[in-house]
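K.L.:
Have a look at the structure that comes next, please.
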Amino acid sequence: MLAIIGGSGLYSLGENFHLQQQAPRKTPFGDTSADILQGRWHDNPLVFLPRHGPGHRVPPHRVNYRANIWALKQLGVA
7 MLAIIGGSGL
17 YSLGENFHLQ
27 QQAPRKTPFG
37 DTSADILQGR
47 WHDNPLVFLP
57 RHGPGHRVPP
67 HRVNYRANIW
77 ALKQLGVA
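The working numbering applies: residue 7 is where the sequence shown begins, and numbers increase by one.
Right, dumping it as structure tokens:
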């Protein structure tokens, strides 16, 4: 499965992303930066994680990279 970790300015994938579920954010490393969105984009399975959270509320030095990567791996992202 493919994942996109959005950076500054990429908070959504537009109307071509069809949300199917939001994944839990809890990991052994703490919470992810934002809810992880699972869905389909142009009919392909996709996971999307805005690393700075909604409204860019998480500054770069506060992004929990370990939690983000662990959570994506648990969802089957390779």
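Here a beta-carbon is modelled for each residue, glycine too, at the ideal position from N, C-alpha and C.
Predicted model only: the values in this text are computed from it and were never measured.
Bridge partners of Leu52, per DSSP?
P.N.:
One-based indexing of the sequence shown puts residue 52 at position 46. DSSP lists Leu8, Gly45 as partners of Leu52.
K.L.:
Hey, is Arg46's beta-carbon within less than 9 Å of any beta-carbon in chain D?
P.N.:
Any reference to chain D falls outside this structure, which holds one protein chain only.
K.L.:
Kindly indicate the opening and closing residues of the beta strand (DSSP E) around Ala77.
P.N.:
Taking the sequence shown and counting its residues from 1, one reaches residue 77 at position 71. Unbroken run through Ala77 is the alpha helix (DSSP H), 71-80; no beta strand (DSSP E).
K.L.:
Exposed or buried, what is Arg57 when buried is set at 16 or more other beta-carbons lying within 10 Å of its beta-carbon?
P.N.:
Here residue 57 refers to the residue found at position 51 when the sequence shown is read from its first residue. It is buried - the Cβ of Arg57 has at least 16 other Cβ atoms within 10 Å.
K.L.:
Whole angstroms are fine: how far does the CA of His48 sit from the CA of Asn22?
P.N.:
Within the sequence shown, numbered from 1, the residue matching residue 22 stands at position 16. Within the sequence shown, numbered from 1, the residue matching residue 48 stands at position 42. The straight-line gap from Cα to Cα measures roughly 6 Å.
K.L.:
Identify which residue in Gly20, Leu52, Asn74 has its Cα closest to the Cα of Gln26.
P.N.:
Stepping through the sequence shown from its first residue, residue 26 is reached at position 20. The shortest Cα separation from Gln26 among Gly20, Leu52, Asn74 belongs to Leu52.
K.L.:
In this structure, what does DSSP give as the bridge partners for Thr33?
P.N.:
On the sequence shown, position 27 is the one that residue 33 refers to. The partner list for Thr33 (beta bridge, DSSP) reads Gly36.
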